[in-house]
Amino acid sequence: MLHNRNDNATFNHFNLELIDPEFGSNLTDLIIELDYLRKKKLSGTTHPTIFFQLKHIFHMLESIGSARIEGNHTTIAEYIETKLNDKKSKDENILEIQNSEDAIAFIEKNISGNEINRLFISELHKIVVKNLNREGSKNPGEYRKNNLIINGSNHKPPDYVKVADYMSELFDFIRTKTPDKYDLLKTAIAHHRFAWIHPYDNGNGRTVRLLTYAMLVKLGFNVNVGRILNPTAVFCNDRMQYYNALSEADSGMRKGMLKWCEYVLGGLKTEIEKIDKLLDYEYLSKNILLPALNSARKRETITNMEEKILQIAINKQEFMSADIEKLFPGKAHTERSRVLNKLKKEKLIITLNDKSRKYVIRFDNNYLLRNIIEILGKNGFIPSNEEM
Ligand SMILES: Nc1ncnc2c1ncn2[C@@H]1O[C@H](COP(=O)(O)OP(=O)(O)OP(=O)(O)O)[C@@H](O)[C@H]1O
Ligand SMILES: [Mg+2]
1 MLHNRNDNAT
11 FNHFNLELID
21 PEFGSNLTDL
31 IIELDYLRKK
41 KLSGTTHPTI
51 FFQLKHIFHM
61 LESIGSARIE
71 GNHTTIAEYI
81 ETKLNDKKSK
91 DENILEIQNS
101 EDAIAFIEKN
111 ISGNEINRLF
121 ISELHKIVVK
131 NLNREGSKNP
141 GEYRKNNLII
151 NGSNHKPPDY
161 VKVADYMSEL
171 FDFIRTKTPD
181 KYDLLKTAIA
191 HHRFAWIHPY
201 DNGNGRTVRL
211 LTYAMLVKLG
221 FNVNVGRILN
231 PTAVFCNDRM
241 QYYNALSEAD
251 SGMRKGMLKW
261 CEYVLGGLKT
271 EIEKIDKLLD
281 YEYLSKNILL
291 PALNSARKRE
301 TITNMEEKIL
311 QIAINKQEFM
321 SADIEKLFPG
331 KAHTERSRVL
341 NKLKKEKLII
351 TLNDKSRKYV
361 IRFDNNYLLR
371 NIIEILGKNG
381 FIPSNEEM
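So that you can map any letter, position 381 of the sequence shown is 381 in my numbering, and since no number is skipped, the others follow by simple counting.
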């Protein structure tokens, strides 16, 4: 549990403004490197259908991480179980994670036509706290109507009567166009300011991490051009480090704010580099997909024949019935169709959405998911403190 350091928490106003890091600082290096990653056209070799399944898995893991940061102890394995069973869960911990997944989907669907403003964030907050008690809100989508403290922090958020003003100042700050080189600093500063205002009675952490996701997508770290972004991983890998970095910035002093920005941008860079590795299909197939298949076969969740077909699927990315012909010597092609249909039913392959009769492996909604996550974990793609 957290140490309670908030007996004498105090409120210190400071102005919301951009900062200029020293030219020779680590932070400036990070800004330059991230800007390069933002503008670099992605030309990964991983098939989009495979990539989007991975993206989906990462978003699920993020949502578990975000809910877990305080108190929600659902393990990855437990959550996957509920996904595979397709059961509507009433468990608050599961609902909380599903809400975060819904909020990510909401951002991706609506961000391009919308501004990040009170209405947009209010929608996010409503989704985040939906149907929750312990981690719910008395006023979903509405600013708090009382004063509060942040567990474990020396900073006392502003009086509730000032919340609306502070928030509109923040939305102006986000909206006001500044030279591109400030975009990432702005994203980090906005994250701290939101948490510092603590506009809602609960769910501020989950909502602010989504605000950061929304800002990054708007800035062009865009999932639709193919980069999975895992902003929650940046903040949820190590909760104490996250809270300490936020505390540094609470002082409102230049030094603390620079440290906070360096923390956020450093985390982002690590995440983006990890994700870029997965876009390299040679890396992905050799280090993740084939070992996951192997592990599934060892546990006998797939048959020998299924393993052989899926190996071909992994090696070719797209495959046709003719590609597996050699596995059925002397058999009529109807036998292949029968097996392929069975694999489709088991959600182990998908037909591509065209008339070419091509298939792609599927692992995002069947028992292979467990093996994929296990292997991703072994390769350092999942925060080490996540319990499997
Ligand atoms: N010193 C601090 N200054 C500003 N904000 C802080 C500080 N310490 C923590 N926070 C923020 O407060 C959040 C917790 O607030 P709240 O309980 O309202 O959010 P939550 O979504 O319910 O919780 P969680 O973030 O744990 O999922 C943290 O996640 C973090 O974003
Ligand atoms: Mg809370």
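Glycine is no exception: its CB is placed at the ideal position from the N, C-alpha and C atoms.
query	result
Residue 48 to residue 163, Cα distance in whole Å?	43 Å
Using the Cβ count rule (16 or more neighbours within 10 Å means buried), how would you classify residue 168?	exposed
Since I believe residue 89 is in contact with residue 206 (beta carbons under 8 Å), could you give me their beta-carbon distance rounded to a whole number of angstroms?	Incorrect: roughly 18 Å between the Cβ atoms, too far for contact.
Hey, would you say the C-beta of residue 92 is under 7 Å away from at least one heavy atom of ligand 2?	no
Is residue 208 close to ligand 1? I mean its beta-carbon at under 7 Å from any heavy atom of the ligand.	yes
Does the separation of the CB atoms of residue 11 and residue 158 fall below 8 Å?	yes
Going by DSSP in three states, residue 125 sits in which element: helix, strand or coil?	helix
Across the segment 273-282 and the segment 190-208, are there enough close Cβ pairs to call them in contact, namely three or more that are closer than 8 Å?	no
Does the beta carbon of residue 150 sit closer than 8 Å to a beta carbon anywhere in chain D?	The chain labelled as chain D is not found in the depicted structure, where only one protein chain is given.
Give the C-beta separation of residue 396 and residue 9 to the nearest angstrom, bearing in mind that I take them to be a contact with Cβ-Cβ under 8 Å.	Past the boundaries of the shown model lies residue 396; the chain is included only from 1 to 388, so the question cannot be answered.
Here's a check: name, in chain order, each residue in its chain whose Cβ is nearer than 7 Å to the Cβ of residue 379, leaving out the five neighbours to either side.	287 and 288
Classify residue 187: buried if its beta carbon has 16 or more other beta carbons within 10 angstroms, exposed otherwise.	buried
Quick check: does the Cβ of residue 65 come within less than 7 Å of any heavy atom belonging to ligand 1?	no
Between the alpha carbons of residue 348 and residue 367, how many angstroms are there, rounded?	9 Å
Pull the bridge partners of residue 360 from the DSSP assignment, please.	350
For residue 315 versus residue 285, is the C-beta spacing smaller than 8 Å?	yes
Residues in its own chain within less than 6 Å of residue 28 by CB, not counting five upstream and five downstream?	21
Assuming residue 107 contacts residue 36 under a Cβ cut-off of 8 Å, what Cβ separation, rounded to an integer in Å, is found between them?	The Cβ separation is near 24 Å, so there is no contact.
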